[in-house]
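Structure first, then comments.
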Ligand code: ADP
Ligand code: MG
């Protein structure tokens, strides 16, 4: 099955134009600009970003477009082609906890911009996206980033990418109430085609690492498990708290600072905290190993690291569900070089590094395993590392 939106720039331009046309139809006049922000896949480095650790995401061709225009009367009108309800309010109205549903992301973007001293007045904004929502591909960060960029630019400001990242994270942390790290927003803003983004979430230092599986006869196969969400936010906040508690008990600023894993494990009384710490510390090491392999062009060597990451997320971090574990098992049995859950967990997507000639067989294997288990049929696509967020016009 082909991705909903290919990586070609022609395609991107066409989608931006479609968003502009939809804006014109809805609001009766043409937008001033269109902003694009992609979804992302985290190749490796899962649940490390809120412990100051390392991550290695890449952008998907799947992209959210926001067409927008400024208004001088303080009114804000928000529409999404993927949501039944539009919303309208005065720009001074929104406060954390007052906006329900999808509009909380763009409303939160305006709130954060104003909090940070940007002179944001009203605007009309229309969203159109090919990023599956709620599948762990980070549609929410794409929406927040696009709304922050649009809101600032329409009122004459040009925040840097790192400022957009910080503000878009605040949208989720402070307005929506999701205590996420900085991975999703960074991936959407900073990714480059044919590369993965190696990022130290403590220093925010980044490096574009060559990552183009298609050039070496491979592909990243994505399985959207479509597993029902199971209290995602509660579990996520719970893991976040556990990491903070463990760091405190170990006397370090964040789990990133644990250098002697055995000593740290011996110092923790709680078996649960020991498991969480072991995941974070070994996962950071796997990111560094993966980056070494990619820098040297040894892509196939990355496979076993992906699988080790999955086992750690399954057994130590405990964020997998049967749909996810079944997909990984089937992919590995069908010859994938490596496979793991990607994203926050409790459902979402699985990725596999697969030889081109093995792709079909891997897909069939997952579909067959899902039929046997009686799970909802998964959706499959191949992910090409694509460009980061930008203004289209
Ligand atoms: P993910 O970021 O992994 O896709 P989240 O639960 O963090 O999952 O974010 C999904 C939410 O983002 C949706 O429930 C919706 O509120 C919002 N969202 C994403 N894409 C769109 C869109 N195209 N239109 C409106 N809202 C969207
Ligand atoms: Mg999200």
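Residue numbers (the UniProt record's numbering): 10 to 402. Using N, Cα and C, we set each Cβ at its ideal position, and we do this for glycine too.
Query, Result
"Residue 193 CB to nearest heavy atom of the ligand MG below 7 angstroms", "yes"
"Cβ-heavy atom distance, residue 350 to the ligand ADP, below 7 angstroms", "no"
"Heavy atom of the ligand ADP within 7 angstroms of residue 253 beta-carbon", "no"
"Meets three-Cβ-pair contact criterion under 8 angstroms: the stretch 153-170 and the stretch 115-130", "yes"
"Residue 229, enclosing beta strand (DSSP E) - first and last residue", "227-233"
"Secondary structure of residue 281, DSSP reduced to three states", "helix"
"Span of the beta strand (DSSP E) around residue 164", "Element bounds for residue 164: n/a, residue is neither H nor E."
"CB contact flag (residue 322, residue 289, <8 angstroms)", "no"
"Proximal residues to residue 133 (C-beta, below 7 angstroms), its chain only, five neighbours per side dropped", "36, 77, 78, 80 and 86"
"Cβ contact (3+ pairs, closer than 8 angstroms) linking the stretch 217-230 and the stretch 179-196", "no"
"Residue 365 classed as buried or exposed, judged by whether at least 16 other C-beta atoms fall within 10 angstroms", "exposed"
"Helix, strand or coil at residue 204 according to DSSP, with G and I counted as helix", "strand"
"Residue 53 - DSSP class collapsed to helix/strand/coil", "strand"
"Any non-hydrogen atom of the ligand MG within 7 angstroms of residue 89 CB", "no"
"Contact under 8 angstroms by Cβ, residue 173 with residue 187", "no"
"Status (buried if at least 16 other CB within 10 Å, exposed otherwise) for residue 208", "buried"
"heavy atom of the ligand MG below 7 angstroms from residue 200 C-beta", "no"
"Expected contact under 8 angstroms - CB spacing of residue 296 and residue 54 to nearest Å", "4 angstroms"
"Cβ-heavy atom distance, residue 157 to the ligand ADP, below 7 angstroms", "no"
"Closest by C-alpha distance to residue 62, when choosing among 286, 312 and 377", "286"
"Neighbour-count burial assignment, residue 279, 16 or more Cβ in a 10 Å radius", "exposed"
"Residue 394 to residue 111 span [Cα, whole Å]", "27 angstroms"
"Local conformation of residue 211 per DSSP, three classes", "coil"
"When 218, 281 and 29 are compared against residue 327, the one with the closest alpha-carbon", "281"
"Proximity to residue 144 [Cα-Cα], best of 235, 51, 136 and 107", "235"
"Terminal residues of the beta strand (DSSP E) in which residue 77 lies", "63-80"
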